[in-house]
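Student: One structure follows; several queries about it will come next.
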Amino acid sequence: MQKNLFMAFVLFSQCILSQERFTVSGYITEKGSRENLPGVTIHQPGTGHATTSNAYGFYSITLPRQDSLKLLFSFMGFASELKVMKLDRNIALNIGLKAVNNLEEVEVTAKRTESISEDVQMSRIDIPIEKVKDIPALLGEKDVLKVLQLMPGVQKGSEGSSGFYVRGGGPDQNLIILDDATVYNAFHLFGFFSLFNGDALKSVELTKGGFPARYGGRLSSVLDMQMKDGNKEKIHGEAGIGIISSRLTLEGPIIKDKCSFLVSGRRTYIDALIYPWMPDNRKGGYYFYDMNAKVNYVFSDKDRLFLSGYFGKDRFFANLKNEASTSKFGLNWGNATATARWNHLFSNKLFANTSLIFTDYKMGIMNEYKDDQSTFSLLYTSGIRDYSFKTSFDYMPNPSHYIKFGLQSIYHQFRPGASVLKSSFLESDFKSASLFEAFENALFVEDDWKITPKWRLNAGVRLTNFIIKKENYINPEPRLSVRYLIMDDLSVKASFATMNQYMHLLSNTGIGLPTDLWVPATAKAPFMRSQQVALGLSKDFVKKGFDIAVEGYYKEMNNVLGYKEGASFLTIGDNSEAVSWENNVTSGQGWSYGGEVLLRKNTGKFTGWIGYTLSWTELQFDELNFGKKFFARYDRRHDISVVGVYKINQNITLSATWVYGTGNAITLPLNSYVANTYALPYTFSNPTALNQAAVYQVQDFGPQRNAYRMSPYHRMDLGVQFHKKKKYYTRTFELGFYNVYNRQNPFFYYIDTKNGVQELMQVSLFPIIPSVSWSWKF
Amino acid sequence: MKYFMMFLAGLFIASACTKKADIDLPKAENKLVVTCFITPDDSVISAVVRNSTPKFGAGSSRQNDQSDISDALVRLGDGTRSITLKFDGEGAFYRASAAELPILPGKTYYLEVSTPDGKKASASAIVPTERFEIESVKFPMIRQDSTSFEHEISIVVPDIENETSYFAVFFSNTVITRQRRPQGTPTGLNNNTWSHFDSDEKTAKSKFYHTNTNTYFSSDTITSAWLDVSVLNCSRDFYLYSKSISEGGGVSNPFSDPVMVYTNISNGFGCFGAYRSRSVTHVIR
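Chain order of the listed sequences is L and H.
With our numbering as the guide, the letters of the first sequence map in order to residues 670 to 1447.
With our numbering as the guide, the letters of the second sequence map in order to residues -6 to 278.
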């Protein structure tokens, strides 16, 4: 018996030793532009061995020696490539994939990309940039964030706004990253448009739950966007003219196959058009512009460098003049980001990216007045600036494990308010400023582990640290996502994630106004924490090009910040005592739970999706609503989005969207009365004394805060695009209709008196709005 | 900043469409507003009854309906017997002598109000049990001259162990002034302020310290001034109601969330509260 066991052991050992393993690795790019392609599936047909390319297009797969290894490279929107090779050594293999038109019928020979049922990650949405361009938009301005709002679990704040709420979390709980740099205020034009110019973007990915350990810093979502690297083979461009703005993007090689650039800019011009027609004594206007730029250099297959940046600004101004005085008013805000990234291959299994990141958000308000006797000027500024270092490693030891680990360190400078007041009535200028400095650090490790063909998990931990003044917080954040494949195209998934957020956004409106203030977590306004569990089912209908995901989630949020009743950002903005925000806010708890369904059709002439969300979001603060739970303003019981894009032929594309949402929760006054409160009696022994006195007229706001609902929101948008291919370029003309059936959706309510009777009135912002735009691609 | 936001709001109203709102709201109706604060430390029990008016709809034009109601039936009971508070036409409130129904610490009292038009409102209140004393009151003067003064107030109240206690501090600042030239008759002015704090039930025997700055300025000469300080150990309902009113409750501002006004009156508004009171008078000059 012992002899047999020994023989079996020897045979087994020899078998293991003879299974020499070799690695195939390289970069995957788009044929023509040489743009790196993230998320490409590399799959050995007939086996469960597979991996995907990382954010920089790098892949690595280690397999046993074999005479004829077949590897299939596949990616949505690209023709698959099958490579056959003899695997008897490590192989460096760079692959170029050819983009295919949706209209071309591509034979489905295998799964063309990692399907949603295979993926261990749940609660994630990828938005193809081309899709953003097809979907009709307000005033023809294509907007990535507004397309995200059409996805289940993501809700818009108010009419026309780009701000978004993910699974009951406020806008401050979304981490928005552009090329590794955090963007603190992602909005132009008081929230109606986002900063992100679709022409400059390569990928957009939103994670709502089941967060991998590499992400952290916010409670509710991570929106990770990558800018295009720039075409490495030839000069290419896109230009567009719309009602609001014009845009231009240029990209091309600086040194062919080595170095390329991308420059993209937008500017509005309504101010330039109307300025000459305004009277000399009343001039004013508004504009925004933004610019994206990127340069990358390939030193070798082992080293690549990327330099990218964003700069944008909004400016609102008014100059008033009369015989006696002149006055000027200005409001401006803007973001600037800069990222330097270095990709280095330590080996064919170990990829590293190291980034130095700068981000800055600044808002300023200026007011000047001058007459014969006096002068007055006020400059108020606020902002936040970060300097960060981040390094992350991708280690792919074998097809069963994909390990990511790294660290990040951010030095924050919060400037919640600085004022300079000059006046002829003051002996000297008044200056006040505040600066909070903080360090936010994180270490993370995660492993995407294919345990068996059916079981797969992504387990990780993120250790976070926040240092401000003498406070030093250290918190571990465990993360876990599990997938079980019931059938080849049907899986059940579950996830758990703990997130900590060490900064707060003070905002009354939630629509992304530039006046919103970022402030650090302090002892009075402690850091926020969320714990989220999600359970889901994913099913692919590969041959029909459909997939469906159903998810349920439950999220608890602690130390959520809210303004105290009666407090507002105006109080804070007008108060030079910058720290007063701490006295105007209060901490509470939040709960969000619900279910989401997303049915998508990704291929063929007709593409689109239907999204449905059923959700509840409740809050509880000791100091609000007398300590009782109440529904959040953005609690939305039902939210439906239907999106369809139909490419009739090469020249015409039709598109339509329809959205429906339960009305936002609001607080309304229903009654008014004269209130009495305690008053000192003249004397306690006086038998006629009344120990109360009328104070003033008060309003009753119902049984609790946010007890009532605005009217439901629904709207349909239509668009038609006419494409024409010319010798050197393709021109697209688009005609769009926003709110095609002219639904008067509520923006806000107010009380008006008509014929002596008070009525509750509804204000709607956008009726049916037609738009035209032209774009050229060359 | 404020003007800018108002300008933006104005711009929206001017450019947007408005129409009558069509949302589901409770029926617009007027309700009874009842206020009654009882204490073992007073010899009179009093209550005020008024009407509210709907904020919008047909009834919103009848602002006069908010005046005092004189024909209500106001009954106060302790669960075993009850008394009727009679309307005092001169004082425009309902009153009864505390001798008719003694207000006792720890006891629950029930208030019921009904009007001839069929409206009914009710509430209950528990009188705080513990007798408490103000441990100390201090008035350090920060600055004073013949026309102004500014001082701080510090109050220490012993905590009641193992329970959350609700305190309200009521300051009544009385100042008598006289015009310098020509010399006029003295005129009086009252300046009342509220302040609130509650204790932590987890902390036994802790003491509470409150500070406030009280300032008075006048173009006239101050001839005399004094400060009445009352510390009230309140029932929770009375505390929440008083706090919400003193913090500007019921006033809406388009740029902030409204301060909700607390009520414990079922089918109505206002408050039926109970308290123990201790008072100190401090002569400033």
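We put the beta carbon where it would ideally sit given N, CA and C, even for glycine.
Computed from a prediction, not measured in an experiment: that's the story for all the values here.
(1) Could you spell out the range, first to last residue, of the alpha helix (DSSP H) harbouring LYS802 of chain L?
(2) Does the separation of the CB atoms of TYR1071 of chain L and ILE1053 of chain L fall below 7 Å?
(3) Please confirm if ASN1169 of chain L has its CB atom under 7 Å from at least one CB of chain H.
(4) Report, in whole angstroms, the separation of the C-beta atoms of LEU97 of chain H and SER115 of chain H, which I expect to be a contact under 8 Å.
(5) Return the chain-ordered list of same chain residues with a C-beta closer than 8 Å to the C-beta of ASN260 of chain H, the five sequence neighbours on each side being excluded.
(6) Please list, in chain order, the chain L residues whose beta carbon lies closer than 8 Å to that of TYR159 of chain H.
(7) Under the assumption that LYS952 of chain L contacts LEU931 of chain L (Cβ atoms under 8 Å), give the Cβ distance between them as a whole number of angstroms.
(8) Under 9 Å between beta-carbons, which chain L residues line up against GLU240 of chain H? List them in chain order, please.
(9) Which whole runs of the beta strand (DSSP E) in the stretch 960 to 998 of chain L are 3 residues long or more, in chain order?
(10) Can you list, in chain order, the residues of its chain with a C-beta nearer than 6 Å to that of MET1379 of chain L? Leave out the 5 residues immediately preceding and following it.
(11) Tell me the rounded alpha-carbon separation between THR167 of chain H and SER75 of chain H.
(12) Decide if ASP17 of chain H is buried, meaning its Cβ has at least 16 other Cβ atoms within 10 Å, or exposed.
(13) Counting Cβ pairs, one atom from each stretch, are 3 or more of them under 8 Å apart for the stretch 1337 to 1344 of chain L and the stretch 1257 to 1274 of chain L?
(14) Identify the contact partners of MET253 of chain H in chain L, using a Cβ-Cβ distance below 9 Å as the criterion.
(15) Less than 8 Å between the CB atoms is what I'm expecting for GLY263 of chain H and THR256 of chain H, so what's the real figure, rounded?
(16) Hey, quick one: how far does the alpha helix (DSSP H) through ILE943 of chain L stretch, first residue to last?
(17) Using 8 Å as the Cβ pair cut-off and three pairs as the minimum, do the stretch 783 to 794 of chain L and the stretch 865 to 876 of chain L touch?
(18) Assign PHE231 of chain H to one of three DSSP states: helix, strand, or coil.
(19) Quick one: is PRO1356 of chain L buried, meaning 16 or more other Cβ sit within 10 Å of its Cβ, or exposed?
(20) Which of helix, strand or coil does DSSP assign to GLY839 of chain L?
(21) For the beta strand (DSSP E) that ASN1340 of chain L lies in, which residues bound it at each end?
(22) Taking 7 Å as the CB-CB limit, is ILE1420 of chain L close to chain C?
(23) Can you list, in chain order, the residues of the stretch 1319 to 1346 of chain L whose Cβ is nearer than 9 Å to any Cβ on chain H?
(24) So, do the stretch 856 to 865 of chain L and the stretch 1057 to 1067 of chain L have three or more beta carbon pairs nearer to each other than 8 Å?
(25) In this structure, does DSSP put PHE880 of chain L in helix, strand or coil?
(26) In terms of residues, what are the limits of the beta strand (DSSP E) holding GLU289 of chain H?
(27) Which residue from L:ASN705, L:ALA1192 and L:SER1150 puts its Cα closest to that of ILE1137 of chain L?
(28) Between ALA1376 of chain L and TRP1285 of chain L, what straight-line distance do the alpha-carbon atoms span, to the nearest angstrom?
(29) By Cβ distance, which residues of its chain are closer than 6 Å to TYR1038 of chain L, with the 5 residues on each side in sequence left out?
(30) Hey, quick one: how far does the alpha helix (DSSP H) through LYS1393 of chain L stretch, first residue to last?
(31) Would you call the stretch 1166 to 1175 of chain L and the stretch 879 to 895 of chain L touching, i.e. three or more CB-CB distances under 8 Å?
(32) Taking 7 Å as the CB-CB cut-off, is SER249 of chain H touching chain L?
(33) So SER1380 of chain L contacts chain H; which residues on that side make the cut at Cβ distance below 7 Å?
(34) I need the boundaries of the alpha helix (DSSP H) containing VAL813 of chain L, first residue and last residue.
(35) Assign GLY832 of chain L to one of two classes, buried (16 or more other C-beta atoms within 10 Å of its C-beta) or exposed (fewer than that).
Tutor: So, to answer that:
(1) Along the first sequence, one-based indexing puts residue 802 of chain L at 133. Where LYS802 of chain L is concerned, the enclosing alpha helix (DSSP H) stretches over 798 to 803.
(2) Within the first sequence, numbered from 1, the residue matching residue 1071 of chain L stands at position 402. Within the first sequence, numbered from 1, the residue matching residue 1053 of chain L stands at position 384. It is not a contact, given that the beta carbons lie outside the stated cut-off.
(3) Counting from one through the first sequence, the residue named residue 1169 of chain L turns up at place 500. So, not an interface residue.
(4) In the second sequence, residue 97 of chain H corresponds to position 104, counting from 1. In the second sequence, residue 115 of chain H corresponds to position 122, counting from 1. Not quite, the Cβ-Cβ distance comes to about 20 Å (not below 8 Å), so this is no contact.
(5) Here residue 260 of chain H is taken as the residue at index 267 of the second sequence, counted from 1. For ASN260 of chain H, where only same-chain residues beyond five positions count, the Cβ hits under 8 Å are LYS24, LEU25, LYS112, LYS113, ALA114 and SER115.
(6) Looking up residue 159 of chain H in the second sequence gives position 166. The premise fails here: TYR159 of chain H is roughly 13 Å from chain L at the closest Cβ pair, so nothing lies under 8 Å.
(7) As a position in the first sequence, residue 952 of chain L is number 283, starting the count at 1. As a position in the first sequence, residue 931 of chain L is number 262, starting the count at 1. Incorrect: roughly 36 Å between the Cβ atoms, too far for contact.
(8) Translated into the one-based positions of the second sequence, residue 240 of chain H becomes position 247. Those are LYS1233, GLU1234 and GLY1235, listed as they occur along chain L.
(9) 972 to 990
(10) Stepping through the first sequence from its first residue, residue 1379 of chain L is reached at position 710. Excluding positions up to five away in sequence, the list reads GLY1332, ASN1333, ILE1335 and PRO1415.
(11) Within the second sequence, residue 167 of chain H is the residue found at index 174, counting from 1. Within the second sequence, residue 75 of chain H is the residue found at index 82, counting from 1. Spanning the two alpha carbons is a distance of roughly 38 Å.
(12) Along the second sequence, read from residue 1 onward, the residue named residue 17 of chain H stands at position 24. That one is exposed.
(13) no
(14) To locate residue 253 of chain H, count along the second sequence from 1; it is residue 260. By Cβ distance, chain L contributes GLU1234, LEU1293, ASN1294, PHE1295, THR1336, ASP1369, PHE1370, GLY1371, GLN1373 and ARG1374.
(15) The sequence position of residue 263 of chain H within the second sequence is 270, counting from 1. The sequence position of residue 256 of chain H within the second sequence is 263, counting from 1. The Cβ separation is near 6 Å, so the contact holds.
(16) For the purposes of this step, residue 943 of chain L is identified with residue 274 of the first sequence, where counting begins at 1. That run of the alpha helix (DSSP H) goes 939 to 943.
(17) yes
(18) The residue you call residue 231 of chain H lines up with position 238 of the second sequence. DSSP places PHE231 of chain H in helix when its eight states are reduced to three.
(19) Indexing the first sequence from 1 puts residue 1356 of chain L at position 687. Reliability of the predicted coordinates at PRO1356 of chain L is poor, the pLDDT of 48 falling under 50, and the value obtained from them is presented with this limitation in mind. Exposed, because fewer than 16 other Cβ atoms sit within 10 Å of the Cβ of PRO1356 of chain L.
(20) For the purposes of this step, residue 839 of chain L is taken as the residue at position 170 of the first sequence. Coil at GLY839 of chain L, not helix or strand.
(21) The count along the first sequence starts at 1 and reaches residue 1340 of chain L at position 671. It spans 1340 to 1347 - the beta strand (DSSP E) in which ASN1340 of chain L sits, taken as one unbroken run.
(22) Note that chain C does not occur in the displayed structure, where the protein chains are L and H.
(23) GLY1332, ILE1335, THR1336, LEU1337, PRO1338, LEU1339, ASN1340, SER1341, TYR1342, VAL1343, ALA1344, ASN1345 and THR1346
(24) no
(25) Position 211 of the first sequence, counted from the start, is the residue given in the question as residue 880 of chain L. In this structure, PHE880 of chain L counts as coil in the three-state DSSP scheme.
(26) The requested residue 289 of chain H does not occur in the structure, where chain H is confined to residues -6 to 278.
(27) Taking the first sequence and counting its residues from 1, the one referred to as residue 1137 of chain L is at position 468. Of the candidates L:ASN705, L:ALA1192 and L:SER1150, the one whose C-alpha sits nearest the C-alpha of ILE1137 of chain L is L:ALA1192.
(28) Along the first sequence, read from residue 1 onward, the residue named residue 1376 of chain L stands at position 707. Along the first sequence, read from residue 1 onward, the residue named residue 1285 of chain L stands at position 616. For ALA1376 of chain L and TRP1285 of chain L, the distance between alpha carbons rounds to 14 Å.
(29) As a working note, residue 1038 of chain L is residue 369 in the first sequence. Only SER996 and PHE1045 meet the Cβ criterion.
(30) By one-based count along the first sequence, residue 1393 of chain L stands at place 724. Where LYS1393 of chain L is concerned, there is no enclosing alpha helix (DSSP H), although the beta strand (DSSP E) it sits in stretches over 1382 to 1394.
(31) yes
(32) The sequence position of residue 249 of chain H within the second sequence is 256, counting from 1. Yes, because at least one Cβ of chain L sits closer than 7 Å to the Cβ of SER249 of chain H.
(33) To locate residue 1380 of chain L, count along the first sequence from 1; it is residue 711. Within 7 Å Cβ-Cβ: ASP15 and ILE16.
(34) Position 144 of the first sequence, counted from the first residue, corresponds to residue 813 of chain L. First-last of the alpha helix (DSSP H) with VAL813 of chain L: 813 to 817.
(35) As a position in the first sequence, residue 832 of chain L is number 163, starting the count at 1. Its Cβ being crowded by 16 or more others within 10 Å, GLY832 of chain L is buried.
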